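Novice:
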Amino acid sequence: MLDIRLIRENPDFFATETAKRNSAVDINQVVQLDAQRRQKVVEVDALKAQRNEASKKIGQLKKAGEDAESAVLEMRQVGEKIAELDGEIRQIAQELEELILHIPNVAHESVPEGQNPEDNVVERTWGAPVERDFEAIDHKTLGENLNIFDFERGAKISGSGFPVYRGLGARLERALIQWFLDCHTQKWGFEEVIPPYLVNRKSMTGTGQLPKFAEDMYACDKDDDLFLIPTAEVPVTNFFADEILDAKSLPQKLCAYSACFRREAGSYGKDTRGLLRLHQFNKVEMVYFSHPEKSWEDHEELVGFAEQLLQDLGLHYRVLNLCKGDLGFSAAKCYDLEVWAPVENNWLEVSSVSNFVDFQARRARIRTRIDGKNTFAHTLNGSGLATPRVMVAICDNYQQADGSLVIPEVLRPYMGGLDVIRPDK
RNA sequence: GGAGGGGUGGCCGAGUGGUUGAAGGCGCACGCUUGGAAAGCGUGUUUACAGCAAUGUGACGAGGGUUCGAAUCCCUCUCCCUCCUCCA
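Residue numbering for the first sequence follows this note's numbering, beginning at 22 and increasing consecutively.
(1) Short check: CB of Leu-330 to CB of Leu-406, under 8 Å?
(2) Where do the N-terminal and C-terminal ends of the beta strand (DSSP E) with Val-255 fall, by residue?
(3) Excluding five sequence neighbours on each side, which residues of the same chain lie with their C-beta closer than 8 Å to the C-beta of Ile-110?
(4) Measuring CB atoms only, is the stretch 264-277 touching the stretch 311-321, in the sense that at least three cross pairs come out at less than 8 Å?
(5) Do the CB positions of Arg-386 and Asp-263 come within less than 8 Å of each other?
(6) With distance defined between alpha-carbon atoms, name the residue in Leu-369, Val-220 and Trp-147 nearest to Gly-335.
(7) Which residue comes first and which comes last in the beta strand (DSSP E) that contains Trp-209?
(8) Check Ser-91 in the structure and name its three-state DSSP category.
(9) Got a sec, what are the start and stop residues for the beta strand (DSSP E) Gly-405 sits in?
(10) For Gly-182, is the classification buried or exposed, using 16 other Cβ atoms within 10 angstroms of its Cβ as the cut-off for buried?
(11) Who are the near neighbours of Gly-210 in its chain, counting only those whose CB is closer than 8 Å to its CB and skipping five residues on each side?
(12) Any idea what DSSP makes of Ile-387, helix, strand or coil?
(13) Could you name the residues of the same chain whose beta carbon sits closer than 6 Å to that of Phe-35, not counting the 5 residues immediately before and after it, in chain order?
(14) Hey, out of Gly-80, Thr-396, Ala-157 and Ser-288, whose CA is closest to Arg-383's CA?
(15) Between which two residues does the beta strand (DSSP E) carrying Glu-370 extend?
(16) Between Val-374, Val-340 and Leu-299, which lies nearest to Glu-306 when the distance is taken from Cα to Cα?
(17) Check whether the Cβ of Asn-221 lies closer than 7 Å to any heavy atom of the ligand COA, and answer yes or no.
(18) Can you tell me the Cα-Cα spacing of Arg-153 and Asp-423, whole angstroms?
(19) Tell me the DSSP secondary structure of Ala-40 in three-state form.
(20) In chain order, which beta strand (DSSP E) runs of at least 3 residues are fully inside the stretch 164-248?
(21) Tell me whether Ala-414 sits in a helix, a strand or coil according to DSSP, three-state version.
(22) Taking Leu-54 as part of the alpha helix (DSSP H), name the residues at either end of that continuous run.
(23) Considering only the alpha carbon of each residue, which of Thr-228, Leu-193 and Glu-365 lies closest to Gly-438?
(24) Opposite Tyr-278 in the DSSP bridges: which residues?
(25) Taking the C-alpha atoms as reference points, what is the distance between Phe-310 and Ala-398?
(26) DSSP beta-bridge partners for Phe-310?
(27) Here's the rule: buried if 16 or more other CB atoms are within 10 angstroms of the residue's CB, otherwise exposed. What is Lys-345?
(28) Can you look up Leu-358 in the DSSP assignment and give me helix, strand or coil?
(29) With 16 as the cutoff for other CB atoms within 10 Å, does Asp-245 come out buried or exposed?
(30) Does Lys-84 pass the burial test, meaning 16 or more other C-beta atoms within 10 Å, or should it be called exposed?
(31) With which residues is Val-441 paired in a DSSP beta bridge?
(32) So, at 7 Å on beta carbons, what are the nonlocal neighbours of Cys-204 in its own chain, with the 5 sequence-adjacent residues on each side left out?
(33) Just tell me which of Ser-131, Ala-56 and Gly-164 has its CA closest to the CA of Arg-26.
(34) DSSP beta-bridge partners for Leu-341?
(35) Could you have a look at Lys-394 and say whether DSSP puts it in helix, strand or coil?
(36) Residues in the same chain with beta-carbon distance under 6 Å from Arg-174, minus the five sequence neighbours each way, listed in chain order, please.
Below you can see the structure in the form of structure tokens.
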């Protein structure tokens with residue numbers, strides 16, 4: 022959520038910047054509603070001041086046993102006027118809030134201009150494509166041959182987009198998750214949390230999934246008003262909602278494994294093969310609660326952690342600085358990490374590392390006290406990492422001519438020392 | 001699911017219709033005291049909105065109602081605790 026005071030001071034800037042991010046919200050209307058609301062507040066505050074004073078006098082009169090009837094009658098009328106104005110203010114405020122909740126964040130100055138994915142800027146590339154002398158097969162075929170994925174049974178149980186990992190595939194998936202978590206907690210100082218997978222409406226609004234993106238989420242029965250999390254970002258960022266964090270404790274670094282659930286409405290038929298786009302997948306998420314003056318440094322550090330994972334896996338990847346038009350709703354800046362999948366002949370997004378500055382913090386009321394003043398903290402997060410496309414990249418890069426799959430070295434301790442998965446197993 | 005109890009400031013805790021934004025305590029900050037510290041003493045210490053400011057208004061889990069006036073009375077919801085029931 023943007024600061025209404027800033028919008029009020031510089032409406033043109035916000036109109037231009039939010040338009041670049043495909044916002045449909047009319048900033049003019051926002052400014053007008055805000056002015057209306059404030060004008061009525063001033064009006065009603067004056068009436069309330071009058072009433073408070075009169076009430077005090079009435080109390081004194083009654084205590085002294087004197088007649089206060091005329092003042093009571095007069096105040097009854099003032100009370101009615103106050104109720105009327107309060108109602109109008111509430112309605113305007115609601116309308117205003119609804120609009121503001123739909124306005125995207127404003128991008129940082131280092132974010133490239135642009136509307137399309139082609140306008141994203143490649144910041145750097147690491148590694149190089151594998152070289153080999155045989156025709157590699159796609160991960161779906163490879164995985165089914167090796168009996169490590171079962172897409173048909175997943176579809177039977179739940180539908181397409183719900184894969185089953187089986188046997189050594191299940192173990193490999195678990196190895197990835199555990200190795201990710203161990204890096205975060207043992208090497209980089211994150212505290213691990215295991216959050217709820219169902220969250221309430223307030224939490225979904227706090228991180229910016231609601232109200233705008235309701236159709237992207239699985240929702241439970243209306244009576245419960247609970248939503249399946251699309252990412253651990255939601256429960257973990259809301260961990261400190263409504264709290265005031267000690268500035269000395271920042272950045273607070275939390276990480277979490279969770280299953281993630283996404284309806285992927287509107288992307289039917291896109292990347293449907295195998296593990297490329299799923300309704301349920303596994304991800305380890307990193308979340309930072311940062312000092313407002315340090316969040317940009319922290320953002321670079323965070324993307325570094327995600328990159329380190331890919332480097333340790335020996336996977337060729339690139340880092341994109343997303344342009345304004347491609348940036349997620351809540352982010353002020355976002356790096357996407359894309360891993361090279363040679364069989365797909367494509368770059369696959371495996372991580373998004375975002376700085377939301379105070380956008381989520383204002384919605385979720387996550388604050389910190391700086392020089393005696395309460396200020397919104399900055400929130401950041403990054404995938405570290407989402408497993409499915411990493412698994413695709415491993416399949417694409419680590420398969421051998423005989424149809425076996427070599428286990429990346431860092432994962433072998435988590436596989437009981439196993440170094441290769443063979444078709445006969 | 002049934003019965004009961006409770007949500008007040010950073011924390012504990014008083015307060016059942018009228019200068020109570022809130023006693024008292026703890027904690028914290030600053031000052032005095034000290035060679036230094038502790039103790040002691042003094043002062044200060046919630047937050048949002050409007051305003052250049054003085055100041056005004058709102059907020060005692062949330063929302064609604066009664067009243068000239070609500071932390072205090074009524075209704076709905078929510079969360080926590082205890083007991084019973086049920087269950088991995």
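For every residue, glycine included, the Cβ atom is placed at its ideal position computed from N, Cα and C.
Being a predicted model, the structure only gives us computed values, none of them experimental.
Specialist: Here's the rundown:
(1) With respect to Leu-406, Leu-330 sits close: the two C-beta atoms are nearer than 8 Å.
(2) Counting along the chain, Val-255 falls outside any beta strand (DSSP E), though it belongs to the alpha helix (DSSP H) covering 254-258.
(3) For Ile-110, the CB contacts under 8 Å within the same chain, skipping 5 residues up- and downstream, are Arg-58, Lys-61, Val-62 and Val-65 in chain order.
(4) The stretch 264-277 is in contact with the stretch 311-321.
(5) Yes, the pair counts as a contact, with Cβ atoms nearer than the cut-off.
(6) Answer by Cα proximity: Trp-147.
(7) Annotation: Trp-209 is outside any beta strand (DSSP E) and is labelled neither H nor E by DSSP.
(8) Looking at Ser-91 - three-state DSSP - the assignment turns out to be helix.
(9) For Gly-405, the enclosing beta strand (DSSP E) has its first and last residue at 399-407.
(10) Taking a 10 Å sphere around the C-beta of Gly-182, we find 16 or more other C-beta atoms and assign the residue as buried.
(11) Once the five neighbours on either side are set aside, the close Cβ partners of Gly-210 are Lys-274.
(12) The three-state secondary structure of Ile-387, taken from DSSP, is coil.
(13) Listed in chain order, the non-local C-beta contacts of Phe-35 below 6 Å within the same chain comprise Ile-28 and Ile-48, local neighbours out to five positions each way being set aside.
(14) The alpha carbon of Arg-383 has as its nearest neighbour, out of Gly-80, Thr-396, Ala-157 and Ser-288, the alpha carbon of Thr-396.
(15) From DSSP, the beta strand (DSSP E) with Glu-370 extends over 367-376.
(16) Distance check between Glu-306 and each of Val-374, Val-340 and Leu-299 places Val-374 closest, using alpha-carbon atoms only.
(17) Within the structure as shown, the ligand COA is missing, as the structure has no ligands at all.
(18) A straight line joining the alpha-carbon of Arg-153 with that of Asp-423 spans about 13 Å.
(19) Helix.
(20) Entirely contained in the stretch 164-248, the beta strand (DSSP E) runs reaching 3 residues are, in chain order, 212-214 and 219-221.
(21) In the displayed model, Ala-414 falls within a helix according to three-state DSSP.
(22) For Leu-54, the uninterrupted alpha helix (DSSP H) run begins and ends at 48-84, by DSSP.
(23) Here the closest residue by C-alpha is Leu-193.
(24) Paired residue(s): Val-305.
(25) Cα to Cα, the separation comes out at about 7 Å.
(26) Bridge partners of Phe-310 according to DSSP: Gln-273 and Thr-400.
(27) Answer is buried; the Cβ neighbour count reaches 16.
(28) Leu-358 falls in the strand class under three-state DSSP.
(29) With fewer than 16 other CB atoms across the displayed protein chains lying within 10 angstroms of its CB, Asp-245 is exposed.
(30) Exposed, because fewer than 16 other Cβ atoms sit within 10 Å of the Cβ of Lys-84.
(31) Answer is Val-427.
(32) Shown here for Cys-204: same chain residues with a beta carbon closer than 7 Å to its own, the five before and five after excluded, namely Leu-330 in chain order.
(33) The shortest Cα separation from Arg-26 among Ser-131, Ala-56 and Gly-164 belongs to Ala-56.
(34) Within the DSSP bridge table, the entry for Leu-341 names Val-143 and Asp-357 as partners.
(35) Here Lys-394 sits in strand by DSSP.
(36) Closer than 6 Å at Cβ, skipping near neighbours: Val-185.
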